[in-house]
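Student:
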Amino acid sequence: MFIRLLVAALLVLSAVPAWAAMTIEIVGGASNRIPLAVLPFSVKPGNGVLPAPVVAVAEVVAADLGRSGYFRMVDSQDSASPPDPQSLSLPVWKGRGADAVLMGQVLPAEGGRLEVRFWLLDAVRQTQLAAMAFVSSPAGLRVVAHKIADLVHEALLGEPGSYSGRIAYILKRGGRYELQVADADSQNAVTITTSPEPLISPAWSPDGQRLAYVSFEDKKPVIYVQNLADGGRRAVAKFRGSNSAPAWSPDGRKLAVTLSKDETSQIYMLDLDSGAATRFTQGGALDTEPLFSPDGRWLFFTSNRGGTPQIYKASLDDGGIKRVTFEGAYNVSPALSPDGKTLAFIHRRETRFHVAVMDLASGQMQVLTDTVHDESPSFAPNGRQILYATLVNGRGVLATVSVDGKIRQRLSQSGDLREPTWGR
Amino acid sequence: MKYLLHFALVSLLLSGCADTPLKEASIEDRSVKTVPSQSDPAQGGSTQPGDASAVGTAGAPGAGVSSRALTEGAGKAPTSSGVETHGVVVQSPEAIPLTATGEKMAQADSAKGGAQAEHADALKFDPQQVLDPKDPKSPLAQRRLLFDYDSAAIRDEYRTLLEMHAQYLKNEKSARLILQGHADERGSREYNLALGQRRSESVYKALNLLGVPDAQMEAVSLGEEKPVSEGHDETSWAQNRRAELLYQGE
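The listed protein sequences correspond, in order, to chains F and L. Terminal number for the first sequence in our numbering: 424, no gaps in between. Terminal number for the second sequence in our numbering: 250, no gaps in between.
1) In angstroms, rounded to a whole number, what distance separates the CA positions of E84 of chain L and E289 of chain F?
2) Use the C-beta contact count for S274 of chain F: other C-beta atoms within 10 angstroms, 16 or more gives buried, fewer gives exposed.
3) Anything in chain L within Cβ reach of G394 of chain F, meaning under 8 Å, just list it in chain order.
4) Am I right that W206 of chain F and P250 of chain F are in contact with their C-beta atoms under 8 Å? What's the rounded C-beta distance?
5) Can you grab the Cα-Cα spacing for the pair T302 of chain F / E197 of chain F, in whole Å?
6) Let me see if you follow: with CB-CB separation under 9 Å, is T235 of chain L close to chain F or not?
7) Grab the span of the alpha helix (DSSP H) containing L398 of chain F for me, first residue to last.
8) Only counting the same chain, and skipping five residues up and downstream in sequence, which positions put a Cβ closer than 8 Å to that of E263 of chain F?
9) Using beta carbons (cut-off 9 Å, strictly below), is E350 of chain F in contact with chain L?
10) Is D287 of chain F close to chain L, meaning its C-beta is less than 9 Å from at least one C-beta of that chain?
11) How long is the line joining the alpha carbons of P309 of chain F and P294 of chain F, rounded to whole angstroms?
12) So is D99 of chain F buried or exposed if we call it buried at 16+ other beta carbons inside 10 Å?
13) Using the beta-carbon count (16 or more within 10 Å), is T79 of chain L buried or exposed?
14) Between L211 of chain F and chain L, is any beta-carbon pair separated by less than 9 Å?
15) Please go through the same chain and pick out, in chain order, the residues whose beta-carbon is closer than 8 Å to the beta-carbon of G175 of chain F, but skip the five residues on each side of it.
16) Whole angstroms are fine: how far does the CA of A361 of chain F sit from the CA of R189 of chain L?
17) Which residues mark the beginning and the end of the alpha helix (DSSP H) in which K205 of chain L is found?
18) Can you tell me where the alpha helix (DSSP H) with A427 of chain F in it begins and where it stops?
19) Any beta carbon from chain L within less than 9 Å of V332 of chain F's own beta carbon?
20) Taking only beta-carbon positions, decide if A20 of chain F is within less than 9 Å of chain L.
21) Could you tell me whether any Cβ in chain F is nearer than 9 Å to the Cβ of Q142 of chain L?
22) Just to confirm, is the Cβ distance from Y330 of chain F to I321 of chain F under 9 Å?
23) Work out the CA separation of Q209 of chain F and H426 of chain F for me, nearest whole Å.
24) What residues of chain L sit near T264 of chain F, judged by a beta carbon separation below 7 Å?
25) Where do the N-terminal and C-terminal ends of the beta strand (DSSP E) with G104 of chain F fall, by residue?
26) If you reduce the DSSP assignment to three classes, tell me which class R348 of chain F lands in.
27) What residue range does the beta strand (DSSP E) around R166 of chain F cover?
28) Would you tell me roughly how many angstroms separate the C-alpha atoms of G296 of chain F and V357 of chain F, rounded to the nearest one?
29) Closer than 8 Å by beta-carbon distance: list the chain F residues that pair up with V220 of chain L, in chain order.
30) Within 9 Å (strictly less), CB to CB, does F353 of chain F reach chain L?
31) So is T371 of chain F in contact with chain L if we call contact Cβ pairs under 9 Å?
32) State the DSSP-derived secondary structure class of H232 of chain L, mapped to helix, strand or coil.
33) What separation, rounded to the nearest whole angstrom, lies between the Cα atoms of Q239 of chain L and A399 of chain F?
34) Would you decide whether A120 of chain L is buried or exposed? Buried here means 16 or more other CB atoms lie within 10 Å of its CB.
35) For L162 of chain L, go through chain F and note every residue whose CB falls closer than 9 Å to its CB, in chain order.
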């Protein structure tokens, strides 16, 4: 009983933050959605008492997959998972229109932990597609649910899902700015830091343990790095002038940053151990928004050296610089897919700002959105979706779009959401 | 871009002073230049540093001018015609050393930049007001410069404003100025931060040329983060493309 109360209390507490009001709206979807039944997971009390809320695991999985645009959920709320997959009548589910069925159980495990088992079954061929077990603290059940969604996605579509990553973003409400981290479904939001002055440009460290960001609390932009585990933060770039646009090197030991300490905004390499900043770009043009390629061989950045802001890349081997974008007079905010093959950026068409992608091998560009105030694109860990910020009715919202432009989601809540970035 | 900026700065300086080829703008140069007829700014060096320091101390609360400055200035009094051409009527001998010591630039640039009381009088400002940027009635209370779209060029209309602030800063050696650049909301926040930086640097360079030392200023950017007008139209954007002058402690 005590555990039940405790867990219930934990769940309630974690529910208090901002996301209570967060809503998700889906626009579009894959033309061929896979019909999937997700059965509520059964709860095996064993010798202990399990908290009632654990049944939410299936709901979280179903919400993830349903929102993705790749699946159509077959109604299954009335049918709990049977004790084992052999007891499941697949023909019945096939009859209800499901191509696949997800079932699972939650059992007590050592030390007050819980074991979550799931089975994914092919209702058409009557075979098992995937099965796995996780052990987690009760508070970690949402994480487990997102991982299950990733695995189901991969088993059915052949490519990983990106439901278990985390996003960081800035929420502006009530005249305050909050840097928040949330699950990719925008739940479990935690405020990392808060300030009466603007916060921008959060950037995940490669290990997902730290966030770099720019704070204006000193009446000018200063770059901070903050540990998520203990909340400790320090100013890593507070040079004369402005300090902004932090981007982590793949090894997590350096930040590429934009400083104005010597000349107008230029890119520097900041060694996080020594604090030393080494100038990387030269010349009087504006250079900013640096970004390491995943293989660490290139630094992409935005520059107006050609007269208009465009995206360039500099070789970290020999320093050679190549222009990457050519179409239009305003291409900024580069983001790279995890495989380094696709560039996402903001492209201006007349007075509208859209998320666009470019296949770096062919140079082929495609505009993905019809929203007109898009900013800050970043890729999902699986490279299939792009998270960005845009304005709807004058208010900042977060949105995702699949790299083919077909599936879109929108996250909004009271207050302005902006500067999202997708972590692992 | 670089040329544009350069052009803007040069025109800013030249427009006020057709007579002397203004050059770099250290304080020393200026005092020399108050003597348009004979002035070769190059000679500025030897005696002028003295002027500068005199102003530095004297200028503090707009009080008096140090005797040394006065003396030196007196010698230059006759040349004050150079000043007058810019519409500054120098009324007392004291005024000249002030201009001389302080700020050639005041003279250089159509000059209302008078830092000192007499000079200010000539400009029809109440001396106390001129000298206190915290006084809302002082012309120094005006701290905002607007910019054209995608431009960091300082508009002509702000020349006087910058001159006055430069004058103040050169007299108040302890005063520190933070120049904040801003951009409108369109496009990337980080790119807009860089654009705002360019605007604050543009003002920085102008003040620098007017004789304000680096140690008294810092140019920073707040990008699009601090709009003065929240609307999403050109009227608001035009208000938000700006630079603001903040004295330390504000």
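Built from N, CA and C at the ideal position, the CB exists for glycine as well.
Tutor: According to the data block:
1) Sequence index remark: in the second sequence, residue 84 of chain L carries index 84 (1-based). Sequence index remark: in the first sequence, residue 289 of chain F carries index 289 (1-based). At E84 of chain L the pLDDT is 31, less than 50, meaning the model places this residue with poor confidence; the figure from the coordinates comes in the next sentence. Their backbone Cα atoms lie some 50 Å apart in a straight line.
2) As a first step, residue 274 of chain F must be located in the first sequence, where it is residue number 274. Classification of S274 of chain F: exposed, given that the 10 Å Cβ count is below 16.
3) Translated into the one-based positions of the first sequence, residue 394 of chain F becomes position 394. At a C-beta separation below 8 Å, G394 of chain F has these neighbours in chain L: H232.
4) By 1-based counting over the first sequence, the position of residue 206 of chain F is 206. By 1-based counting over the first sequence, the position of residue 250 of chain F is 250. One point to set straight first is that residue 206 of chain F is Pro, not Trp, in the sequence displayed. Yes, they are in contact, since the Cβ atoms of P206 of chain F and P250 of chain F sit about 6 Å apart, within 8 Å.
5) On the first sequence, residue 302 of chain F is found 302 positions in, with the first residue counted as 1. On the first sequence, residue 197 of chain F is found 197 positions in, with the first residue counted as 1. Those two C-alpha atoms are separated by around 25 Å.
6) If you number the second sequence from 1, residue 235 of chain L lands on position 235. No, its Cβ sits nowhere closer than 9 Å to a Cβ of chain F.
7) Here residue 398 of chain F refers to the residue found at position 398 when the first sequence is read from its first residue. Taken as a continuous stretch (DSSP letters only), L398 of chain F belongs to no alpha helix (DSSP H), being part of the beta strand (DSSP E) at R395 to S402.
8) Counting from one through the first sequence, the residue named residue 263 of chain F turns up at place 263. Correct list, in chain order: G284.
9) Position 350 of the first sequence, counting from 1, holds the residue named residue 350 of chain F. Judged by the 9 Å Cβ criterion, E350 of chain F is not in contact with chain L.
10) On the first sequence, residue 287 of chain F is found 287 positions in, with the first residue counted as 1. At least one beta carbon of chain L lies nearer than 9 Å to the beta carbon of D287 of chain F.
11) Start at 1 with the first residue of the first sequence, and residue 309 of chain F comes out as number 309. Start at 1 with the first residue of the first sequence, and residue 294 of chain F comes out as number 294. If you take the alpha carbons of P309 of chain F and P294 of chain F, they lie about 23 Å apart.
12) Here residue 99 of chain F corresponds to residue number 99 of the first sequence, with the count starting at 1. Around the beta-carbon of D99 of chain F, 16 or more other beta-carbon atoms lie within 10 Å, marking it buried.
13) Here residue 79 of chain L refers to the residue found at position 79 of the second sequence. In this predicted model, T79 of chain L has a pLDDT of only 36, less than 50, meaning its place in the structure is not dependable; the value taken from the coordinates is given anyway. By the 10 Å Cβ count, T79 of chain L comes out buried.
14) Counting from one through the first sequence, the residue named residue 211 of chain F turns up at place 211. Cβ-Cβ to chain L under 9 Å: no for L211 of chain F.
15) Locating residue 175 of chain F in the first sequence gives position 175, where the first residue counts as 1. So the list reads P196, once near-sequence residues are dropped.
16) Locating residue 189 of chain L in the second sequence gives position 189, counting from the first residue. Locating residue 361 of chain F in the first sequence gives position 361, counting from the first residue. The alpha-carbon of R189 of chain L is positioned some 28 Å away from that of A361 of chain F.
17) Residue numbering aside, residue 205 of chain L sits at position 205 when the second sequence is read from its first letter. Bounds of the alpha helix (DSSP H) holding K205 of chain L are R189 to L209.
18) With chain F covering 1 to 424 only, the question about residue 427 of chain F has no answer from this structure.
19) To locate residue 332 of chain F, count along the first sequence from 1; it is residue 332. Chain L has a Cβ within less than 9 Å of the Cβ of V332 of chain F.
20) Position 20 of the first sequence, counted from the start, is the residue given in the question as residue 20 of chain F. Because A20 of chain F sits at a pLDDT of 44, beneath the cut-off of 50, its placement in the model cannot be relied upon, and the point is left open.
21) Counting from 1 along the second sequence, the entry for residue 142 of chain L is found at position 142. So, not an interface residue.
22) As a first step, residue 330 of chain F must be located in the first sequence, where it is residue number 330. As a first step, residue 321 of chain F must be located in the first sequence, where it is residue number 321. The Cβ atoms of Y330 of chain F and I321 of chain F lie no closer than 9 Å to each other.
23) An answer regarding residue 426 of chain F cannot be provided, because it is not within the stretch 1 to 424 covered by chain F.
24) On the first sequence, position 264 is the one that residue 264 of chain F refers to. Chain order gives the chain L residues near T264 of chain F as Q197, R198 and E201, where near means a beta carbon separation below 7 Å.
25) Locating residue 104 of chain F in the first sequence gives position 104, where the first residue counts as 1. Per DSSP, G104 of chain F belongs to the beta strand (DSSP E) from A100 to P108.
26) The residue given as residue 348 of chain F occupies position 348 in the first sequence. In the structure shown, R348 of chain F sits in a strand (DSSP, three-state: E or B).
27) The residue given as residue 166 of chain F occupies position 166 in the first sequence. Note, R166 of chain F: beta strand (DSSP E), R166 to R173.
28) In the first sequence, the residue the question calls residue 296 of chain F occupies position 296. In the first sequence, the residue the question calls residue 357 of chain F occupies position 357. Distance between the alpha carbons of G296 of chain F and V357 of chain F is about 20 Å.
29) The residue labelled residue 220 of chain L in the question sits at position 220 within the second sequence. Near V220 of chain L (Cβ distances below 8 Å), the residues of chain F are K219, K220, P221, G241, S242 and S260.
30) In the first sequence, residue 353 of chain F corresponds to position 353, counting from 1. Interface with chain L (9 Å Cβ-Cβ cutoff): F353 of chain F is included.
31) Taking the first residue of the first sequence as position 1, residue 371 of chain F is located at position 371. Cβ-Cβ to chain L under 9 Å: no for T371 of chain F.
32) The residue labelled residue 232 of chain L in the question sits at position 232 within the second sequence. In this structure, H232 of chain L counts as coil in the three-state DSSP scheme.
33) Along the second sequence, one-based indexing puts residue 239 of chain L at 239. Along the first sequence, one-based indexing puts residue 399 of chain F at 399. Computed Cα separation, rounded: 29 Å.
34) Counted from its first residue, the second sequence places residue 120 of chain L at position 120. Residue confidence for A120 of chain L is low, a pLDDT of 38 falling below 50, so the modelled location carries little weight; the figure read from the coordinates is stated next. Its Cβ being crowded by 16 or more others within 10 Å, A120 of chain L is buried.
35) On the second sequence, residue 162 of chain L is found 162 positions in, with the first residue counted as 1. Listed along the chain, the chain F residues whose CB falls inside 9 Å of the CB of L162 of chain L amount to none; the nearest CB is some 19 Å away.
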